[in-house]
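When the letters of the sequence shown are read in order and numbered with mature numbering (1 follows the signal peptide of the UniProt record, and there is no 0), they come out as residues -24 to -1, 1 to 264. Quick reminder that beta carbons are idealized off the backbone N, C-alpha and C, glycines included. Everything numeric in this text was worked out from a predicted model, so none of it was measured.
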Amino acid sequence: MRRWQSTGLAGLIVAASTANLAWADQPHDKGLSLQAPVTEVARDITFFHDYVLLPIIVLISLFVAGLLAYCIIRFNKRANPEPAKFTHNTTIEIVWTIIPVLILAGISAYSFPLLYKEDQTPAKYDMTLKVTGHQWYWSYEYVDAEGVGFDSNMLPEADAKAAGKPYLLGTDNAVVVPVGKVVRVQVTASDVIHSWAMPSFGVKMDAVPGRLNEAWFRVDKPGLYYGQCSEICGVKHAYMPVEIKAVPQAEFDAWIASQKSADAGSTNPAAVQFAATQPASTATAQAN
């Protein structure tokens, strides 16, 4: 797997572009709510969770708890020494069948259109990002910008702290995308099944070896966003974060240009990296 190398120029451009970005949202210790949505799909998911599912779950939980308490108090041995002998009640059985069906139908009326919206990539998309999962890092390739790609690894704790990034979420190379543009994401894997997830975008797509799955998003506002691998993939599954920087189109174009310049200025980054990992005698022999 080729690992493209970023340069100081690219880093400076990204750093300058993110100086004014908000750290939009990220997982928090003891947090209960969803991350702040920044795409239309994510907002729909949040609405569905907060105003459809949660009220139904709370009402059902309260009803069941109340019914259980009533049965404990009303039908214990002391209050009801002679138990009833009936075996069924047709009216109750009809009611407790119809009500769940109506509840599920109501949920489906909202959830199915949402599922289709998530699944169907708009016919007119602005760019394609290919994501490949490995044990235990991600590779990214900008399909429309030939030669632009890199590997993204989790930063060690000390490096994350020095960079001002959250540990277990910050990476050495963040994905950069333009705000307000439809990004098609093609997801695959090189070894085992992974899952590329970005909660603030409402995106979670399995990365399966030998298969190319597809998702999409359109970010509404600039910011730094974090996700993680969401499929257990081995001993370092917890160390596969996803970091995305959403920037204005002009800054994205400048970043792409810097990446292309860096690639053009490097003779053969993959060969240089390979040689650096070999014993001196082996590297010399291969060079000759």
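- The shortest C-alpha to C-alpha distance from ALA222 to any of GLY210, PRO31, PHE177 is the one to PHE177.
- Look at LYS236 here: in three-state DSSP terms it is helix.
- Taking every protein chain shown into account, the CB of GLU227 has 16 or more other CB atoms within 10 angstroms, so this residue is buried.
- Per DSSP, the beta bridge partners of GLY109 are TRP114, ALA165.
- The closest CA to that of ALA99, considering only VAL152, VAL28, TRP192, is found on TRP192.
- Within the model, the alpha-carbon separation for THR15 versus ARG194 is close to 6 Å.
- When ILE68, TYR101, SER166, ALA150 are compared, the shortest CA-CA separation from TYR202 is found for ALA150.
- VAL124 is not a Cβ neighbour of ILE21, given a cutoff of 9 Å.
- The straight-line gap separating the alpha-carbon atoms of GLU190 and VAL17 is approximately 15 Å.
- Within a 10 Å sphere around the beta-carbon of LYS61 sit fewer than 16 other beta-carbons, which makes this residue exposed.
- By the 16-neighbour rule on beta-carbons within 10 angstroms, TYR46 is exposed.
- Only exposed fits LEU44, as fewer than 16 other CB atoms lie within 10 angstroms of its CB.
- In this chain, ASP127 is not harboured by any alpha helix (DSSP H); it is covered by the beta strand (DSSP E) spanning 125 to 128.
- Three or more Cβ pairs drawn from the region 102 to 119 and the region 152 to 169 lie within less than 8 Å of each other, which places the two stretches in contact.
- Exclusion of the five residues before and after GLY210 leaves GLN111 as the residues of its chain whose Cβ lies within less than 6 Å of its Cβ.
- Taking all protein chains in view, the Cβ of VAL218 is crowded by 16 or more other Cβ atoms within 10 Å, so the residue is classified as buried.
- With respect to ILE83, VAL28 sits close: the two C-beta atoms are nearer than 9 Å.
- A residue is called buried once 16 or more other Cβ atoms fall within 10 Å of its Cβ, and TYR116 is buried on that count.
- Residue range 66 to 95 is occupied by the alpha helix (DSSP H) that includes PHE88.
- Taking 9 Å as the cut-off, the Cβ atoms of GLU207 and SER171 count as close.
- Bridge partners of PRO154 according to DSSP: VAL223.
- For CYS205, the uninterrupted beta strand (DSSP E) segment begins and ends at 199 to 205.
- For VAL184, the closest alpha carbon among the candidates VAL168, LYS197, VAL155, LEU145 is that of VAL168.
- For ARG160, the pairing in a beta bridge is given by DSSP as THR104, TRP192.
- Using a 10 angstroms sphere on the CB of GLN96, the tally of other CB atoms stays under 16, which defines it as exposed.
- CA-to-CA, the gap between HIS25 and LEU10 works out to about 9 Å.
- For SER37, the secondary structure class from DSSP, reduced to helix, strand or coil, is helix.
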